[in-house]
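To convert, note that position 234 of the sequence shown is 234 in the UniProt record's numbering; the numbers rise steadily by one, no gaps.
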Amino acid sequence: MKKVLISGGSGTIGTELTKQLIERGIEVRWLSRSASTSYPGVKVFEWDPMRHDIDTEALKDVDTVFHLAGANVAMRWNAENKKTIVNSRVESTLTFIRAWEEGAHKPNTFISSSAVGYYPSNFTKTMHEDDQPGNGFLNDVVVQWENAVKQVEKYGIRTVRLRIGVVLSEDGGALGKMLPIYKMGLGSPLGSGKQWMPWIHLEDVARIFLHAATHDNMSGAYNTAAPNPVQNAEFSKALANALGKPHFMPAVPTFALKLAMGSMAQIALDSNRVSTNKLAQTGFEWKWNELEPALKDTL
1 MKKVLISGGS GTIGTELTKQ LIERGIEVRW LSRSASTSYP GVKVFEWDPM RHDIDTEALK
61 DVDTVFHLAG ANVAMRWNAE NKKTIVNSRV ESTLTFIRAW EEGAHKPNTF ISSSAVGYYP
121 SNFTKTMHED DQPGNGFLND VVVQWENAVK QVEKYGIRTV RLRIGVVLSE DGGALGKMLP
181 IYKMGLGSPL GSGKQWMPWI HLEDVARIFL HAATHDNMSG AYNTAAPNPV QNAEFSKALA
241 NALGKPHFMP AVPTFALKLA MGSMAQIALD SNRVSTNKLA QTGFEWKWNE LEPALKDTL
């Protein structure tokens with residue numbers, strides 16, 4: 001792996017992945033919708049995935065594409081935003097395919113982010129990569145996303161889909177939104193508190209992308225989470241402890257979450273316990289296996 005291209009490089013995962021790649025002496029390129037986007041040591045190329053428009057020079061001599069682009073799902077799920085959430089993932093993937101059909105350089109490997117939101121919510125079963133998807137909005141987003149990514153395989157490109165869990169990062173995602181409340185000492189479990197949270201340290205997420213890029217035996221879907229998931233109530237207590245804050249507030253009732261968040265409350269209330277055995281069998285070793293040390297390092 002000598003030259004790579006990242007879509008969504010300026011996001012939380014993309015920035016960490018870029019840092020780790022540069023540390024290994026790998027040339028990194030980004031795709032961005034904004035000409036003003038910059039990062040030290042990275043060459044940025046413009047694209048407009050909604051119009052299937054891409055500067056094909058970005059793909060020249062690239063051996064690996066890391067596809068991380070996609071609108072944040074943490075927005076009101078009205079009709080317009082739902083369309084944006086889906087299209088930002090599907091159309092961006094199809095932009096690569098159209099470029100290859102028009103003669104652009106094809107990489108050896110295409111690694112796409114996906115999400116554990118593929119699976120139906122389940123409080124008792126551990127979900128594996130070959131389990132069937134759920135039928136809610138989030139499930140449908142991931143199914144359409146992955147179906148687009150699967151089309152990449154037709155071009156003889158090794159394709160990996162990483163179903164990412166709850167990423168531990170101060171700068172974004174679920175944890176970033178929770179921190180202000182917990183820093184005030186007002187954190188509490190959500191709903192029943194029994195929903196499983198497949199957490200993972202940001203550093204390990206990027207390490208898994210690198211692992212997938214350098215292990216030719218990997219293809220298809222992989223659950224991307226730490227091997228020791230916890231339930232929401234335990235996560236809530238661990239987060240308060242990591243911040244040195246009290247944890248005495250009663251759980252936020254399910255009805256209150258639905259009232260405040262609408263259908264988007266599904267993100268907070270769904271239970272996803274996923275197996276990481278398939279990833280472990282490829283030889284990947286987690287740096288962060290336990291939640292409390294991972295949280296303390298993150299914060």
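Built from N, CA and C at the ideal position, the CB exists for glycine as well.
Query                                                                                                                                                                          : Result
I'd like to confirm the pairing. Which residues does DSSP put opposite Q231 in its beta bridges?                                                                               : W196
Any idea if D53 is buried or exposed, counting beta-carbon neighbours within 10 angstroms, 16 or more meaning buried?                                                          : exposed
I'd like the list of long-range same chain contacts for A71, defined as Cβ closer than 6 Å, with 5 residues on each side in sequence excluded.                                 : T84, I85, S88
List the residues that DSSP assigns as beta-bridge partners of L31.                                                                                                            : S7, F45
Less than 6 Å between C-beta atoms, sequence neighbours within five positions excluded: which residues of the same chain meet that for L5?                                     : R29, A58, V62, V65
What residues in its chain sit with their C-beta under 6 Å from that of A265, if we drop five residues either side in the sequence?                                            : L257, K258
For T109, tell me which candidate among K296, A240, M1, R273 has the shortest Cα-Cα distance.                                                                                  : M1
Sorted by chain position, which residues of the same chain lie with C-beta nearer than 6 Å to A206's C-beta, five sequence neighbours on each side aside?                      : E16, L17, Q20
Under DSSP, the alpha helix (DSSP H) around H211 begins and ends at which residues?                                                                                            : 202 to 214
Can you check whether the CB of I200 is closer than 8 Å to the CB of A225?                                                                                                     : yes
What is the residue span of the alpha helix (DSSP H) that A174 lies within?                                                                                                    : 173 to 183
In this structure, what does DSSP give as the bridge partners for residue 302?                                                                                                 : As displayed, the chain neither begins before 1 nor continues past 299, which places residue 302 out of reach and without an answer.
Do L202 and I13 have their C-beta atoms within less than 8 Å of each other?                                                                                                    : yes
What is the DSSP secondary structure of T254, reduced to helix, strand or coil?                                                                                                : helix
Measure the alpha-carbon distance for A221 versus P293 and round it to whole angstroms.                                                                                        : 28 Å
Give me, in chain order, the residues of the same chain whose beta-carbon lies closer than 8 Å to that of K183; leave out the 5 immediate sequence neighbours on both sides.   : L243, K245
Chain C beta carbons: is any one of them nearer than 8 Å to that of L162?                                                                                                      : Of the chains in the structure shown, none is chain C; there is only one protein chain.
Any idea which residues DSSP pairs I54 with across the strands?                                                                                                                : W47
If I measure Cβ to Cβ from D171 and keep anything under 7 Å in the same chain, skipping five residues before and after, which residues do I get?                               : T12
Quick check on M249: does DSSP put it in helix, strand or coil?                                                                                                                : coil
CB-CB under 6 Å to G193, same chain, minus the five flanking residues each way: which ones, in chain order?                                                                    : N232, A233, A251
Give the secondary structure of F96 by DSSP, where H, G and I count as helix, E and B as strand, and everything else as coil.                                                  : helix
Label R285 either buried or exposed according to how many other C-beta atoms from any shown protein chain fall within 10 Å of its C-beta, with 16 as the threshold for buried. : Note that residue 285 corresponds to Glu in the displayed sequence, not to Arg. Burial call: exposed.
Cα separation between P229 and E102?                                                                                                                                           : 44 Å
For the beta strand (DSSP E) that contains V65, what are its first and last residues?                                                                                          : 64 to 67
Can you give, in chain order, each stretch of the alpha helix (DSSP H) that sits fully within the UniProt domain "DUF1731" (252 to 297) and has at least 4 residues?           : 254 to 261, 266 to 269, 277 to 280
V167 by DSSP, collapsed to three states: which one?                                                                                                                            : strand
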